[in-house]
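Colleague: Next up is a structure, given as structure tokens.
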Amino acid sequence: MNVEPFSKDQKYATFLNRWNSLKGNVIAGFTTKQGGVSGGEYSSLNLCLHVNDNCETVVKNRNLLAEHLGFPMTRWACADQVHENSIAKVTKDDAGKGVLNYDDAIKGTDGLYTNESNVLLTLCYADCVPIYFLGPDKNLVGVAHAGWKGTVKDISGEMVRTWKNEEAIDPANIYAAIGPSIGSCCYVVDDYVIDFVKEVLKQPTELPYKEVSKGQYTLDLKKLNKMLLVQAGVLQENIDVSSYCTSCEDTLFFSHRRDQGKTGRMLSFIGMKETR
Ligand SMILES: [Zn+2]
């Protein structure tokens with residue numbers, strides 16, 4: 248239904264153009280694996296510290312992206328991701344956390360949001376689903392990381408409920424964009440996973456999975472997250488979904504499944520630039 252919301256921009260990043268026009272100072276996107284200085288399986292724009300890449304090299308890559316975006320690393324906020332569903336509100340005081348050193352990242356969260364400008368929320372991915380959130384009338388931006396675990400723990404719905412309860416925003420005024428992740432074309436799971444999917448979907452009118460052989464299913468994590476956003480009150484028409492599969496597009500993206508675990512990480516980012 249949607250036009251691809253992420254258009255390729257130069258060598259580093261893909262951007263949510265629709266949001267830039269909704270609210271001029273928002274910067275949001277997802278990196279590719281191109282344009283960095285890492286070697287081997289991390290070649291070349293590995294942006295995360297918790298894999299076995301050289302930390303100094305990762306910081307060099309981060310600095311390249313920071314310069315490209317015009318958003319200095321000292322203003323980034325990075326998280327220690329744990330495949331759970333807890334949401335953290337980020338303030339200016341969190342800027343710089345986890346940027347140079349994984350140990351001081353924001354602990355134990357896969358969902359970040361803020362209502363302050365001049366802080367860039369970042370999370371790392373290799374196949375998991377990046378979900379971006381925008382609440383223009385309350386000046387809110389957010390991003391979540393959802394592999395199958397975070398997805399069935401409904402981190403998408405948790406962000407919506409957190410904004411509704413803590414920030415008094417009507418879910419009908421929330422926009423969401425689901426970024427590049429592994430597609431159903433490349434993602435097969437078993438009954439163990441599907442049982443959790445059945446549990447989290449309350450009244451599905453369609454299914455995000457299909458049985459392909461006894462007890463084996465292709466699962467569309469992007470579609471499932473979209474259904475969970477709608478279940479939480481976000482309007483269908485306010486959700487954009489990327490068509491990119493991180494496993495299929497091997498020149499563009501790292502993929503944990505395709506690369507059998509030895510791979511780099513892409514970065515999702517969203518923030519509001521300080522207007523001068
Ligand atoms: Zn694929």
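This note's numbering puts the sequence shown at residues 248 to 523.
Positions of the beta carbon are idealized from the N, C-alpha and C atoms, including for glycine.
Taking the C-alpha atoms as reference points, what is the distance between I425 and Y379?
Modeller: As a position in the sequence shown, residue 425 is number 178, starting the count at 1. As a position in the sequence shown, residue 379 is number 132, starting the count at 1. Cα to Cα, I425 sits roughly 6 Å from Y379.
Colleague: Put V390 into one of helix, strand or coil per three-state DSSP.
Modeller: In the sequence shown, the residue the question calls residue 390 occupies position 143. Strand.
Colleague: Judging by CA-CA distance, which residue of S502, I486 and E484 is the nearest neighbour of C492?
Modeller: Taking the sequence shown and counting its residues from 1, the one referred to as residue 492 is at position 245. It is S502 whose Cα lies nearest to the Cα of C492.
Colleague: Comparing alpha-carbon positions, which option in G382, G358, A313 and P427 lies nearest S403?
Modeller: In the sequence shown, the residue the question calls residue 403 occupies position 156. That would be G358, whose Cα lies nearest to the Cα of S403.
Colleague: Indicate the three-state DSSP secondary structure (helix, strand or coil) for N249 in the structure shown.
Modeller: By 1-based counting over the sequence shown, the position of residue 249 is 2. Caution is warranted here: a pLDDT of 48 is assigned to N249, below 50, making its placement in the model unreliable, and no coordinate value can be reported.
Colleague: Check C302 in the structure and name its three-state DSSP category.
Modeller: Start at 1 with the first residue of the sequence shown, and residue 302 comes out as number 55. Correct three-state label for C302: helix.
Colleague: Within the present structure, is the beta-carbon of S494 separated from the nearest heavy atom of ligand 1 by less than 7 Å?
Modeller: Reading the sequence shown from its first residue, position 247 is the one you call residue 494. Yes, the beta carbon of S494 sits closer than 7 Å to at least one heavy atom of ligand 1.
Colleague: Drop a sphere of 10 angstroms on the beta-carbon of Q507, count the other beta-carbons inside from all chains shown, and report buried for 16 or more, exposed for fewer.
Modeller: Against the sequence shown, residue 507 aligns to sequence position 260. Burial call: exposed.
Colleague: What residue range is occupied by the uninterrupted alpha helix (DSSP H) comprising Y372?
Modeller: As a working note, residue 372 is residue 125 in the sequence shown. Careful: Y372 lies outside any alpha helix (DSSP H), inside the beta strand (DSSP E) at L367 to Y372.
Colleague: Which same chain residues, not among the five before or five after V337, have their C-beta less than 8 Å away from its C-beta?
Modeller: Taking the sequence shown and counting its residues from 1, the one referred to as residue 337 is at position 90. Answer for V337: A324, I353, L359, Y360, T361, E363, V366 and L368, listed in chain order.
Colleague: I'd like the span of the beta strand (DSSP E) that includes S515, first residue to last.
Modeller: What you label residue 515 is simply residue 268 of the sequence shown in a count that begins at 1. Taken as a continuous stretch (DSSP letters only), the beta strand (DSSP E) holding S515 covers M513 to M519.
Colleague: Assuming contact is defined by CB atoms lying nearer than 8 Å, are G511 and E251 in contact in what I supplied?
Modeller: Position 264 of the sequence shown, counted from the first residue, corresponds to residue 511. Position 4 of the sequence shown, counted from the first residue, corresponds to residue 251. No.
Colleague: Indicate whether Y464 and I441 have their beta-carbon atoms separated by less than 8 Å.
Modeller: The residue labelled residue 464 in the question sits at position 217 within the sequence shown. The residue labelled residue 441 in the question sits at position 194 within the sequence shown. Yes, they are a contact pair.
Colleague: For the segment 301–344, list the beta strand (DSSP E) runs that are entirely contained and at least 3 residues long, ordered along the chain.
Modeller: List check, beta strand (DSSP E) in window: 323–325 and 334–336.
Colleague: Could you tell me if the beta carbon of C432 falls within a distance shorter than 7 Å of some heavy atom in ligand 1?
Modeller: Translated into positions along the sequence shown, residue 432 becomes position 185. Yes - ligand 1 has a heavy atom lying nearer than 7 Å to the Cβ of C432.
Colleague: Check each candidate in K396, A275 and N293 and name the one with the smallest Cα separation from E446.
Modeller: Against the sequence shown, residue 446 aligns to sequence position 199. Comparing Cα-Cα distances from E446 to each of K396, A275 and N293, the minimum goes to K396.
Colleague: Could you name the residues of the same chain whose beta carbon sits closer than 7 Å to that of D518, not counting the 5 residues immediately before and after it, in chain order?
Modeller: Position 271 of the sequence shown, counted from the start, is the residue given in the question as residue 518. Note that residue 518 is Gly in the sequence shown here, rather than Asp. Closer than 7 Å at Cβ, skipping near neighbours: I274, F318, V366, L367, L368 and V388.
Colleague: What number of angstroms, rounded off, separates the C-alpha of C302 from the C-alpha of G282?
Modeller: Against the sequence shown, residue 302 aligns to sequence position 55. Against the sequence shown, residue 282 aligns to sequence position 35. Straight-line Cα distance between these residues: approximately 17 Å.
Colleague: So, at 7 Å on beta carbons, what are the nonlocal neighbours of P418 in its own chain, with the 5 sequence-adjacent residues on each side left out?
Modeller: Residue numbering aside, residue 418 sits at position 171 when the sequence shown is read from its first letter. Contacts found: V407, K411, A479, G480 and V481.
Colleague: Starting from the N-terminal side, write out each stretch of the beta strand (DSSP E) that is 3 residues or longer and does not extend beyond the segment 408–481.
Modeller: Taking only runs of at least 3 residues, the beta strand (DSSP E) segments lying wholly in the segment 408–481 are 422–425, 435–437, 456–460 and 463–466.
Colleague: Could you please give me the residues that DSSP links to C492 through a beta bridge?
Modeller: Position 245 of the sequence shown holds residue 492. In the DSSP output, where bridge partners are listed per residue, C492 has S428.
Colleague: Residue range of the alpha helix (DSSP H) that G397 falls in?
Modeller: As a first step, residue 397 must be located in the sequence shown, where it is residue number 150. Note, G397: alpha helix (DSSP H), W395 to V399.
Colleague: Which term fits T498, buried or exposed, when burial requires 16 or more other beta carbons within 10 angstroms of its beta carbon?
Modeller: Within the sequence shown, residue 498 is the residue found at index 251, counting from 1. That one is exposed.
Colleague: Rounded to whole angstroms, what is the Cα-Cα separation between K307 and E314?
Modeller: Reading the sequence shown from its first residue, position 60 is the one you call residue 307. Reading the sequence shown from its first residue, position 67 is the one you call residue 314. So the two alpha carbons sit approximately 11 Å from each other.
Colleague: What's the C-alpha gap between N249 and I429?
Modeller: Position 2 of the sequence shown, counting from 1, holds the residue named residue 249. Position 182 of the sequence shown, counting from 1, holds the residue named residue 429. Reliability of the predicted coordinates at N249 is poor, the pLDDT of 48 falling under 50, and the value obtained from them is presented with this limitation in mind. Spanning the two alpha carbons is a distance of roughly 18 Å.
Colleague: Please report the straight-line C-alpha distance between K470 and P455, rounded to a whole angstrom.
Modeller: One-based indexing of the sequence shown puts residue 470 at position 223. One-based indexing of the sequence shown puts residue 455 at position 208. When rounded, the distance between both Cα atoms is 6 Å.
Colleague: Is the beta carbon of K400 less than 8 Å from the beta carbon of N472?
Modeller: Start at 1 with the first residue of the sequence shown, and residue 400 comes out as number 153. Start at 1 with the first residue of the sequence shown, and residue 472 comes out as number 225. It is not a contact, given that the beta carbons lie outside the stated cut-off.
Colleague: How many Å lie between S431 and S291 at the Cα?
Modeller: For this step, residue 431 is matched to residue 184 along the sequence shown. For this step, residue 291 is matched to residue 44 along the sequence shown. Approximately 26 Å between the Cα atoms of the pair.
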